[in-house]
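Input: a single structure, listed below in structure tokens.
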Amino acid sequence: MILLFSIFFACGVREDRIQSKLDEMNYCDEAADCVDIGGECPFGCYILVNQAEESAAKALLARHVETCVYDCVAPTEILCEAGQCTMEGW
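Read the sequence shown against our numbering and you will find it ends at 557, with the numbers running on by one and no gaps.
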């Protein structure tokens with residue numbers, strides 16, 4: 468039981484760290500700076516990062532084992548608002 472709890476806790480911490488890194492990679496001066504690298508559960512249907520961070524973000528996600536599935540709608544226009552990459556309607 469303790470081992471099982473430790474495994475779940477470790478996975479949660481790792482997901483928190485990945486989300487934190489993805490948040491750091493989401494910056495822009497204009498919409499052209501932003502790129503959608505796709506989605507991965509539990510991080511969202513669309514993961515937006517600065518295009519300079521695209522390879523690093525994909526490498527980060529490649530090390531994560533996806534544990535859930537999303538049913539996502541088609542993406543909308545990518546925008547840069549207040550220095551963050553976002554999508555129209557978010």
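Yeah, the Cβ is synthetic: ideal placement off N, Cα and C, and Gly gets one too.
Taking Cβ positions only, does residue i come closer than 8 Å to chain B?
i, result
"P542", "The chain inventory of the structure shown lacks chain B, comprising one protein chain alone."
Can you tell me the Cα-Cα spacing of residue i and residue j, whole angstroms?
i, j, result
"G550", "W557", "15 Å"
"R481", "E497", "30 Å"
"T543", "T553", "10 Å"
"E555", "D503", "13 Å"
Where do the N-terminal and C-terminal ends of the alpha helix (DSSP H) with residue i fall, by residue?
i, result
"E544", "That residue, E544, is in no alpha helix (DSSP H); it is neither H nor E in DSSP."
"A526", "E521 to A529"
I believe residue i touches residue j by the beta-carbon criterion, under 8 Å. Please report the beta-carbon distance rounded to the nearest angstrom.
i, j, result
"I514", "A524", "7 Å"
"G505", "Y537", "Their Cβ separation, rounded to whole angstroms, is 11 Å, which puts G505 and Y537 out of contact at 8 Å."
"L546", "V516", "Between V516 and L546 the Cβ distance is about 14 Å, and since that is not below 8 Å, they are no contact."
"M492", "E520", "4 Å"
"C512", "C495", "Not really, about 19 Å apart at Cβ, beyond 8 Å."
Buried or exposed for residue i, please, with buried defined as at least 16 other CB atoms from any protein chain shown within 10 angstroms of its CB.
i, result
"E548", "exposed"
"C535", "exposed"
"C501", "buried"
Would you mind reading off the limits of the beta strand (DSSP E) that contains residue i?
i, result
"D503", "C501 to D503"
"V516", "L515 to N517"
"M492", "Neither: M492 is in no beta strand (DSSP E) and is coded neither H nor E."
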